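**Q**
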Amino acid sequence: MPDTSPLLRDWQLASVAAIRDETPSVRTIAFSLPQWTGHLAGQHVDVRLTTDDGYQAERSYSLASPGGSIALIEITVERITDGEVSPFLTEQLALGDTIELRGPLGGYFTWSPENPAPLMLITGGSGIVPLMSMLRTRTKAFRRPPTRLLYSSRNFEEIIYRSELDRLVETKDGFSIAHTLTRGAPVNWNGETRRVDGAMLAKYTFPAAQAPHNFVCGPTSFVETVADCLVALGHPETVIKTERFGPTGEKR
Amino acid sequence: MPITRGFKGKRSNADTALDRIPPGQYVTQDFPVLTAGPTQRTPVENWSLTLQRGGEKLAHWSWEQFEALQQTERTTDIHCVTKWSKFDTRWRGVTIDDLLKAAGLSAPPTQFVMAHCDGGYTTNLLIADLLDGKAMIATHYDNLPIPVTHGGPARLLVPHLYFWKSAKWVRRLEFVDANKPGFWESMGYHIHRDPWCEQRYTGDA
Amino acid sequence: MIDDARSSDGNAVAGPLGRFFAFDITRMIVTCDACGSESPLGALRLYGDKMGIVLRCVHCGEVNLRALEFNGALSLDARGATRLTFRPPVDLL
């Protein structure tokens, strides 16, 4: 696994090469960079914004692109109401603009196709982004382990990457999805309609006996609930990897 | 450093009397929550405040006893070392002067205090920074009980110093003989910490 | 860093703290001095916001690591960790 070299951990200027809205509040931004030699699925980048009087804000965003991408990289950003950075990235950043970017970063929450274990992905909301990188990486690989995604969204319109996920299922290469919607479902919905809980996890995850590797990403309380349930279902902690988005429960 | 076109951030010094802002700060209308650990949620029936020296308890108040002490209201600006300032914040609580009086202490037993909080946070203070109305144990912000995320049920308030000294979830004031560093001070934040002298880090003048 | 959409675990320090290290620190295994449990640094609970980096044990909540950067220098306090173990990446995880 390539470890990040010091050069790649410096700030560089990334140019906005493409913009694509995924849902009404979620936007994918593609960047081209002077120096990028690839990344592992699950890694992230830091971005840094500077005002004209020198104030700086930094944030981390997971890479959505498949591992190994060289030419362009993508992040997918959810607009947080009253946020400082996400409204700027999702509403004002335009084609050709540049921002400072550092990465790829992080080797803990990563997956690569050399790993033959069944792959279990569990997420809520914008936590899907690093897991989508894993799925896109898997699609490009020769060896594709059995993979399941359990994906919680507020409603149908807010399912990020919905069409692409449907297409991945249609390739019938051992990938399946269970969706759950927590705030209302369309008329013909045949997915789940509640928050992820122990019963849902027992139903949709690989049994511990199959020794899957589990990746859980989302808001802190979601991740903690899911991780605790997976342990209760018999999965060793060493095969449960977590990435928490959002503050540790507090609101401002 | 490259400027990001169109990025404004969430703060503004426009329309602000510049002599109210210490050097390097910007004014915010928000009240940012910064924390070194999970929010502490001590119910008032389990809450108490203690003054101690060494192993000796000098004074101890339950919540009811504490609320019955002389209350003081104060409107003041606050300054965080992470560069935000907030003007005209309104607090109510018990000044440290009144606390010492209620404890029967005509003079503070030492020159230095370590504040201890639920969750383990600590900060060290000079007694001179706590007396003469400079500091209080605050229980109300904007006329309402301080929310737990902002340090409720009670926090230290020492607004002439950077706000990390206004320790949230304070439970114990320990009089000590030497000025030993607390949680952030031991990481290099300046032992004295005056925003108007811009003393943020050890090594600043 | 840290605010909206922030990561509240050690994954987020890969940039700000990790840039001082030659290896990827989020994979470093931290042994908690208070309770003895072991976790990768990326899984630890992150606090401190712009004051500094505070990484706490996911099992007992005690502080394992604190880090602060100023004037370009990194200060690292690892008193809350009995041991920090890094295994170079030859495995699949």
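In the order they appear, the protein sequences are chains S, G and L. Plus 2 on top of the position in the first sequence (first one is 1) and you've got this note's numbering. Plus 13 on top of the position in the second sequence (first one is 1) and you've got this note's numbering. Plus 55 on top of the position in the third sequence (first one is 1) and you've got this note's numbering. Heads up, the beta-carbon is just placed ideally off N, CA and C, and yes, glycines get one too. Since the structure is predicted, the reported quantities are computational estimates derived from the model, not experimental observations.
1. Please identify, using Cβ separations under 7 Å, the residues of the stretch 222-245 of chain S that lie next to chain L, in order along the chain.
2. Could you give the C-beta distance for Leu151 of chain S and Leu123 of chain S, rounded to a whole number, given that I count them as a contact under 8 Å?
3. Since Tyr63 of chain S meets chain G, which of its residues come closer than 8 Å, beta carbon to beta carbon?
4. Which residue from S:Gly129, S:Arg61, S:Ala32 and S:Pro89 puts its Cα closest to that of Ile72 of chain S?
5. Considering only residues of the same chain and omitting the five flanking positions on each side of Leu76 of chain G, which have a CB-CB separation below 8 Å?
6. Closest to Asp79 of chain L by CA distance: which of L:Gly65, L:Leu131, L:Arg138 and L:Asn119 is it?
7. Between which residues of its own chain and Asp132 of chain L is the CB-CB distance below 8 Å, once the five residues before and five after are set aside?
8. Who pairs with Pro158 of chain G in a beta bridge, going by DSSP?
9. Could you work out which residue in G:Gly68, G:Pro15 and G:Tyr39 is closest to Arg185 of chain G when comparing CA atoms only?
10. Roughly how many angstroms lie between the CA atoms of Ala141 of chain G and Ala81 of chain G, to the nearest whole one?
11. Report yes if the C-beta of Arg105 of chain G is less than 7 Å from at least one heavy atom of the ligand ZN; otherwise report no.
12. In or out: Gly103 of chain L buried (at least 16 other Cβ within 10 Å) or exposed?
13. Nearest-angstrom Cα distance between Pro120 of chain S and Arg146 of chain S?
14. Let's see if you can read the secondary structure: which residues bound the alpha helix (DSSP H) around Asp110 of chain G?
15. Using a threshold of 8 Å, state whether the C-beta atoms of Gln53 of chain G and Val171 of chain G are closer than that.
16. Rounded to whole angstroms, what's the CA-CA distance from Thr173 of chain S to Ala77 of chain L? Just pull it up for me.
17. Cβ atoms of Leu101 of chain L and Ser130 of chain L: under 8 Å apart, would you say?
18. By the three-class DSSP mapping on this structure, what secondary structure does Leu203 of chain S have?
19. Counting contacts by CB-CB distance shorter than 8 Å, is Ile101 of chain S in contact with chain G?
20. For chain S, check one thing: does any of its Cβ atoms lie closer than 8 Å to the Cβ of Arg168 of chain G?
21. Quick test of your reading: Lys287 of chain G and Phe44 of chain G, contact by CB under 8 Å. State the CB separation rounded to the nearest angstrom.
22. At what residues does the alpha helix (DSSP H) containing Cys231 of chain S begin and finish?
23. For chain S, is any of its Cβ atoms less than 8 Å away from the one on Ile34 of chain G?
24. Listing by chain order, which chain S residues have their CB less than 7 Å from the CB of Arg3 of chain G?
25. Compute the Euclidean distance between the alpha carbons of Pro118 of chain S and Ser94 of chain L, then round it to the nearest angstrom.
26. So with Cβ pairs under 8 Å, would you call Asp12 of chain S a contact of chain G?
27. If contact means a Cβ-Cβ distance below 7 Å, which residues of the stretch 93-119 of chain L contact chain G?
28. Tell me whether the beta-carbon of Gly214 of chain G lies closer than 8 Å to the beta-carbon of Ala180 of chain G.
29. Looking at the secondary structure, which residues open and close the beta strand (DSSP E) in which Asp132 of chain L lies?
30. State buried or exposed for Ala60 of chain L, treating a residue as buried only when at least 16 other CB atoms are found within 10 Å of its CB.
31. Once the 5 residues before and after Lys70 of chain G are set aside, which same chain residues still bring their CB inside 8 Å of it?
32. Please confirm whether Tyr39 of chain G has its beta-carbon closer than 8 Å to some beta-carbon of chain S.
33. Can you tell me whether Arg16 of chain G is buried or exposed? The criterion is at least 16 other CB atoms within 10 Å of its CB, across all chains shown.
34. How should Met157 of chain L be labelled, buried or exposed, when 16 other C-beta atoms within 10 angstroms of its C-beta is the threshold for buried?
35. Is Ala59 of chain S buried or exposed, if buried means 16 or more other CB atoms sit within 10 Å of its CB?
36. Going by Cα to Cα distance, which pick from S:Ala143, S:Gly70, S:Ser62 and S:Asp23 is closest to Arg246 of chain S?
**A** Reading off the structure:
1. Against chain L - using a Cβ distance shorter than 7 Å - the residues of the stretch 222-245 of chain S are Thr222, Thr244 and Glu245.
2. The count along the first sequence starts at 1 and reaches residue 151 of chain S at position 149. The count along the first sequence starts at 1 and reaches residue 123 of chain S at position 121. Contact flag correct, Cβ pair sits at about 5 Å.
3. Against the first sequence, residue 63 of chain S aligns to sequence position 61. The contacting residues do not exist; Tyr63 of chain S stays about 15 Å from chain G at best.
4. Start at 1 with the first residue of the first sequence, and residue 72 of chain S comes out as number 70. That would be S:Ala32, whose Cα lies nearest to the Cα of Ile72 of chain S.
5. Mapped onto the second sequence, residue 76 of chain G falls at position 63. Correcting the residue identity first, residue 76 of chain G is Trp in this sequence and not Leu. Excluding sequence neighbours, Trp76 of chain G sits near Val57, Glu58, Trp60, Ser61 and Pro166.
6. One-based indexing of the third sequence puts residue 79 of chain L at position 24. It is L:Gly65 whose Cα lies nearest to the Cα of Asp79 of chain L.
7. Numbered from its first residue, the third sequence carries residue 132 of chain L at position 77. Within the same chain, Asp132 of chain L has close Cβ partners Leu120, Arg121 and Ala122.
8. Counted from its first residue, the second sequence places residue 158 of chain G at position 145. Pro158 of chain G pairs with G:His153.
9. For the purposes of this step, residue 185 of chain G is identified with residue 172 of the second sequence, where counting begins at 1. For the residues G:Gly68, G:Pro15 and G:Tyr39, the minimum Cα distance to Arg185 of chain G belongs to G:Gly68.
10. Locating residue 141 of chain G in the second sequence gives position 128, counting from the first residue. Locating residue 81 of chain G in the second sequence gives position 68, counting from the first residue. Cα-Cα distance, rounded: 25 Å.
11. Of ligands this structure carries none, so the ligand ZN is not represented either.
12. The residue you call residue 103 of chain L lines up with position 48 of the third sequence. When all chains shown are included, Gly103 of chain L counts as buried.
13. What you label residue 120 of chain S is simply residue 118 of the first sequence in a count that begins at 1. What you label residue 146 of chain S is simply residue 144 of the first sequence in a count that begins at 1. So the two alpha carbons sit approximately 9 Å from each other.
14. For the purposes of this step, residue 110 of chain G is taken as residue 97 along the second sequence, with counting starting at 1. Unbroken alpha helix (DSSP H) run through Asp110 of chain G: Ile109 to Ala115.
15. The residue given as residue 53 of chain G occupies position 40 in the second sequence. The residue given as residue 171 of chain G occupies position 158 in the second sequence. In this structure, Val171 of chain G does not lie closer than 8 Å to Gln53 of chain G by Cβ.
16. By 1-based counting over the first sequence, the position of residue 173 of chain S is 171. By 1-based counting over the third sequence, the position of residue 77 of chain L is 22. Whole-angstrom Cα-Cα distance: 41 Å.
17. Along the third sequence, one-based indexing puts residue 130 of chain L at 75. Along the third sequence, one-based indexing puts residue 101 of chain L at 46. Taking 8 Å as the cut-off, the Cβ atoms of Ser130 of chain L and Leu101 of chain L do not count as close.
18. Working through the first sequence from its first residue, we reach residue 203 of chain S at position 201. The answer is helix: DSSP assigns Leu203 of chain S an H, G or I state.
19. Residue 101 of chain S sits at position 99 when you count from the first residue of the first sequence. Judged by the 8 Å Cβ criterion, Ile101 of chain S is in contact with chain G.
20. Here residue 168 of chain G refers to the residue found at position 155 of the second sequence. No - not a single Cβ of chain S is within 8 Å of the one on Arg168 of chain G.
21. In the structure as shown, chain G begins at 14 and stops at 218. Residue 287 of chain G is therefore absent and cannot be evaluated.
22. Here residue 231 of chain S refers to the residue found at position 229 of the first sequence. It spans Thr222 to Ala234 - the alpha helix (DSSP H) in which Cys231 of chain S sits, taken as one unbroken run.
23. The sequence position of residue 34 of chain G within the second sequence is 21, counting from 1. No, no contact with chain S.
24. Summary: the structure shown does not reach residue 3 of chain G, with chain G confined to residues 14 through 218, and so no result is reported for it.
25. Sequence index remark: in the first sequence, residue 118 of chain S carries index 116 (1-based). Sequence index remark: in the third sequence, residue 94 of chain L carries index 39 (1-based). For Pro118 of chain S and Ser94 of chain L, the distance between alpha carbons rounds to 23 Å.
26. By 1-based counting over the first sequence, the position of residue 12 of chain S is 10. Taking Cβ atoms only, chain G never reaches closer than 8 Å to Asp12 of chain S, which makes this a no.
27. Against chain G - using a Cβ distance shorter than 7 Å - the residues of the stretch 93-119 of chain L are Tyr102, Gly103, Asp104, Lys105, Met106, Gly107, Val109, Arg111 and Gly116.
28. If you number the second sequence from 1, residue 214 of chain G lands on position 201. If you number the second sequence from 1, residue 180 of chain G lands on position 167. Checking the sequence shown, residue 214 of chain G turns out to be Tyr, not Gly. Their beta carbons are not under 8 Å apart, which means Tyr214 of chain G does not touch Ala180 of chain G by this criterion.
29. Taking the first residue of the third sequence as position 1, residue 132 of chain L is located at position 77. Where Asp132 of chain L is concerned, the enclosing beta strand (DSSP E) stretches over Ala128 to Asp132.
30. Position 5 of the third sequence holds residue 60 of chain L. Caution applies to Ala60 of chain L, whose pLDDT of 46 falls short of 50 and renders its modelled position unreliable; the model cannot decide the point.
31. Here residue 70 of chain G is taken as the residue at index 57 of the second sequence, counted from 1. Result list for Lys70 of chain G: Thr63 and Leu64, in chain order.
32. Taking the second sequence and counting its residues from 1, the one referred to as residue 39 of chain G is at position 26. Output row for Tyr39 of chain G: interface = yes.
33. Taking the first residue of the second sequence as 1, we reach residue 16 of chain G at position 3. Note on residue identity: the sequence assigns Ile, not Arg, to residue 16 of chain G. Ile16 of chain G is exposed by the Cβ-count criterion.
34. The requested residue 157 of chain L does not occur in the structure, where chain L is confined to residues 56 to 148.
35. Residue numbering aside, residue 59 of chain S sits at position 57 when the first sequence is read from its first letter. Buried: at least 16 other Cβ atoms inside 10 Å.
36. For the purposes of this step, residue 246 of chain S is identified with residue 244 of the first sequence, where counting begins at 1. Minimum Cα distance to Arg246 of chain S is reached at S:Ser62.
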